[in-house]
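Presented below is the structure to which this report refers.
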Amino acid sequence: MANYIIGISCFYHDSAVTLINDKEIISAVQEERFTRVKHDSSFPINSMIYCLKKHNLTLNNIEAIIYYEKPFLTFERLLETYLSTAPRGIRSFISAMQVWLKKKLFIKSEIKNKLKLIQKELTPNDNKNLPKLLFSEHHLSHAASAFYPSPFENSIILCMDGVGEWATTSAWVGKENEIKPIWELNFPHSLGLLYSAFTYYTGFKVNSGEYKLMGLAPYGKPKYKDLIINTLMDLKEDGSFKLNMKFFNYATGLTMTNKKFSDLFGHPVRNPKKDLLKDFHMDIAASIQSVTEEIVIRITKNIASEYKIKNLCLAGGVALNCVANGKILRQKIFDDIWIQPAAGDAGGSLGAALAYWHHELKKPRENFQDQMKGAYLGPKLSEKNVEDQLKKLKARYTKKSSSEISSIVAKELSNGKTVGWFQGRMEFGPRALGGRSILADPRSDKMQKELNLKIKFRESFRPFAPSVLREEVSNWFELNYDSPYMLLVADVKREKQIIMSEKDKKLFGIDKLNIKRSSIPAITHVDYSARIQTVHKHTNDRYYKLLLKFEKITGCPNLINTSFNVRGEPIVCSPEDSYRCFMRTGIDVLVLNNYILYKEKQPKFKDKKIDKQILNFTLD
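At the far end of the sequence shown sits residue 641, using the working numbering, and the numbering has no gaps.
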């Protein structure tokens, strides 16, 4: 009989559920996709019901449910931090205690109550005992999510995030089914929180705007790098550091930074509703990005030198910094790198389940290949389900064969159309990887700005990523390596670049945006880099075939691939989500499995749920 284990993450941000069958990952999904609440932190009841129903299971079939961290240790950290700084931080303390005393201290009871509701829905006449509920540790969950699905028999594992219970950065050695800790930094000294502090300072939202900060960095120069290293921290050669907490407020306050921080850099915290992005903010972004890379490089070099292990696995929110990841690879600190695609808290649900199976039960690993299945681990809809929902929406559509779809869509893309692409199982993690994507032609020098402003409703400086046939990646980029999860950055091949004129070189900041930099300008960032997804036939055959068709028409094996959503909204989950996004944005064509829809053929669309972020969006 199969052993089914569930891992869950929730109550902080990015709630998720992972279901494993012995050692195999069979489903993983984030709650936000069902509730349509970005970064939903609530108990993932919809996700769990989906996972169980998908595989015709009830809670009676589940051996154990593993929560991804230990709440009492987190509570201990909060108490110790506040007591050590009292009476400073009293407002923050009162606010935090209200949440903890009402809810978070009783997570075990809260989870059990939710499980009873699920049990009642799935098996209303069954009152059997619930599965045993166990608790992992936050960084152990990250480490397990990085190592156990990786193709490596042995590896260094590096986990970097804001904070778990106490740990903010941890290093581990993974060998077969064992994970052993070797090195750790603890709160409040955190690379993730340092980066988030600058995210806050530049006017972006913490825990979601870090991508924006990374995307903004190439527009500036790292003028403040030395100031950050010399004043805000004590950085050692091995990459360990201590932050000067005189400049930060996140440990006991209600903000990330304080007045001393603002005074140090000579500018107040940017108000995103009033203040435009200036050259200063771009230089700040470039500076903290450079500091982050410096720390990551020092840590990885030190560990590689000490332990002589050739492989590296990465997880934790900082592992989503694909620029830093690319530099680790290019410096050849390790022979091979594998990065967990759901590197943040959502992936903690996966790690919790795998840690229980391999680390606690000592079950062997048998297959040393990438176990994430391309990250396609979420819902998949049948043709009938899609058609039923389209009929309900009164949409006008045509059904085609799979091969026809590829040919038609490739032609539309080559003619400058933007396509909403809904195929197969939904991606697990923050990146759309050809399952729930918006696609466009990367050869257009206008497409980046159009996609940002007319479809995504976001800042014009935000870069887009290319999907490229794995066999062709080295012909177009300075990379000959698998990057299936869009977590590595590399430069566009020099022969594909367009060298800037002396006049263009003098431009600064956003003025750089309109300069054509390569033969694929829509995915070439201002520093000639690109965040690359390599597409593999064995994980996404339909998307692979679309790229082949597009290459046959255009000679270009690349497509713009961005997540199928608009600013402030999770990636689409259902045909209804997709149709709504299609109709209220500038997307030209919608493809749902084998059904194709054209904007001009649709009835007039009346959406009562008008998004505030669209109404309030200001072009920068």
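Beta carbons: idealized from backbone N, C-alpha and C, even for Gly.
Does the beta-carbon distance from H34 to S62 come in below 9 Å? Yes; because the gap between Cβ atoms is below 9 Å, this pair is in contact.
Got a sec? Which residues, its chain only, sit under 8 Å from N332 by beta carbon, not counting five neighbours each side? Result list for N332: S171, F173, N175, S176, I177, F355, D356, D357, I358 and W359, in chain order.
Whose C-beta lies closer than 8 Å to the C-beta of N346 among residues of the same chain, with five residues either side of it excluded? Same-chain partners within the cutoff: L335, A340, I358, I360, L508, L509 and V510.
How big is the Cα-Cα spacing for F638 and V587? Confidence at F638 is low in this model, with a pLDDT of 41, below 50, so its placement is unreliable and the value that follows should be read with caution. Approximately 11 Å between the Cα atoms of the pair.
Give me the Cβ distance between S48 and A37, rounded to the nearest whole Å; I'm assuming they're in contact under 8 Å. With 8 Å as the limit, S48 and A37 do not qualify as a contact, their Cβ atoms being about 11 Å apart.
So, P385 versus E197, is the Cβ gap smaller than 9 Å? Yes, Cβ-Cβ distance for P385 and E197 is below 9 Å.
Would you call the stretch 426 to 437 in contact with the stretch 601 to 608, where contact means no fewer than 3 C-beta pairs closer than 8 Å? Result no; under three Cβ-Cβ pairs closer than 8 Å.
Taking 9 Å as the threshold (C-beta atoms), are A165 and I200 in contact? Yes, they are a contact pair.
Can you tell me which of H546, F449, Y564 and W442 puts its alpha carbon nearest to the alpha carbon of R491? When each option's Cα is compared against that of R491, the closest is Y564.
Is there a Cβ of chain C sitting closer than 9 Å to that of A416, yes or no? The structure shown contains no chain C; it is built from a single protein chain.
Relative to the ligand ZN, is the shortest distance from any of its heavy atoms to the C-beta of L411 smaller than 8 Å? This structure lacks the ligand ZN, and indeed carries no ligand of any kind.
Other residues of its chain near S423: CB distance less than 7 Å, five sequence neighbours each side excluded: Cβ neighbours of S423 beyond the five flanking positions: R563 and N615.
Under the three-state DSSP convention, the category N175 falls into: In this structure, N175 counts as strand in the three-state DSSP scheme.
For the alpha helix (DSSP H) holding P596, just list the boundary residues, first then last. In the DSSP assignment, P596 falls within the unbroken alpha helix (DSSP H) covering P596 to M604.
Inter-residue Cα distance where the pair is D632 and F478: Bear in mind that a pLDDT of 49 at D632, under 50, signals an unreliable position, so the number given afterwards is only what the model happens to contain. Answer to the nearest angstrom: the Cα atoms are 11 Å apart.
Have a look at I318 and K246 and give me their C-alpha separation to the nearest angstrom. About 15 Å.
Tell me the DSSP secondary structure of L640 in three-state form. Note on L640: pLDDT 35, under 50, position unreliable in the model; the coordinate value appears next. Coil, per DSSP.
Find the nearest neighbour of S217 within the set W193, V184 and D147, judged by alpha-carbon distance. The shortest C-alpha separation from S217 is found at V184.
Report the three-state DSSP secondary structure of A486 (helix, strand or coil). Residue state, collapsed to three classes: strand.
DSSP three-state call for K622: helix, strand or coil? Correct three-state label for K622: helix.
C72, DSSP secondary structure in three states: C72 falls in the helix class under three-state DSSP.
Indicate whether A376 and G338 have their beta-carbon atoms separated by less than 9 Å. The Cβ atoms of A376 and G338 do not sit closer than 9 Å to each other.
Could you tell me whether the stretch 455 to 475 touches the stretch 402 to 414, where touching means 3 or more Cβ pairs closer than 8 Å? The answer is no - the stretch 402 to 414 does not touch the stretch 455 to 475, with fewer than three Cβ pairs under 8 Å.
Just tell me which of V430, K421 and G395 has its CA closest to the CA of R446. Relative to the Cα of R446, the nearest Cα in the group V430, K421 and G395 belongs to G395.
Among the candidates T79, L215 and V290, whose CA atom is the shortest distance from the CA of E142? Among T79, L215 and V290, the Cα nearest to that of E142 is on T79.
DSSP three-state assignment for E590, whether helix, strand or coil: Note: E590 maps to coil in three-state DSSP.
In terms of residue numbering, what span does the beta strand (DSSP E) encompassing F156 cover? Per DSSP, F156 is one residue of the beta strand (DSSP E) stretching across K153 to F156.
Short Cβ contact (9 Å threshold) for D598 with D548: No. Outside cutoff.
Taking all protein chains shown into account, do 16 or more other C-beta atoms lie within 10 angstroms of the C-beta of L297, making it buried, or fewer, making it exposed? That one is exposed.
Pull up the distance between the alpha-carbon of F585 and that of P596, whole angstroms please. Rounded to whole angstroms, F585 to P596 spans 12 Å at the Cα level.
In chain order, which alpha helix (DSSP H) runs of at least 4 residues are fully inside the stretch 31 to 98? Fully enclosed alpha helix (DSSP H) runs of 4 or longer: 53 to 56 and 66 to 75.
Close beta carbons around I426, own chain, < 7 Å, minus the five adjacent residues each side: So the qualifying residues of the chain are V612, N615 and I617.
Length of the line joining the Cα atoms of F219 and E314: A straight line joining the alpha-carbon of F219 with that of E314 spans about 15 Å.
Since I believe V312 is in contact with M277 (beta carbons under 8 Å), could you give me their beta-carbon distance rounded to a whole number of angstroms? 16 Å between Cβ atoms; not a contact.
At 3 residues or longer, what runs of the beta strand (DSSP E) sit wholly inside the stretch 254 to 315? You should have 254 to 256 and 262 to 264.
Taking Y196 as part of the beta strand (DSSP E), name the residues at either end of that continuous run. A quick correction: the sequence has Lys, not Tyr, at residue 196. A188 to K196 is the extent of the beta strand (DSSP E) around K196.
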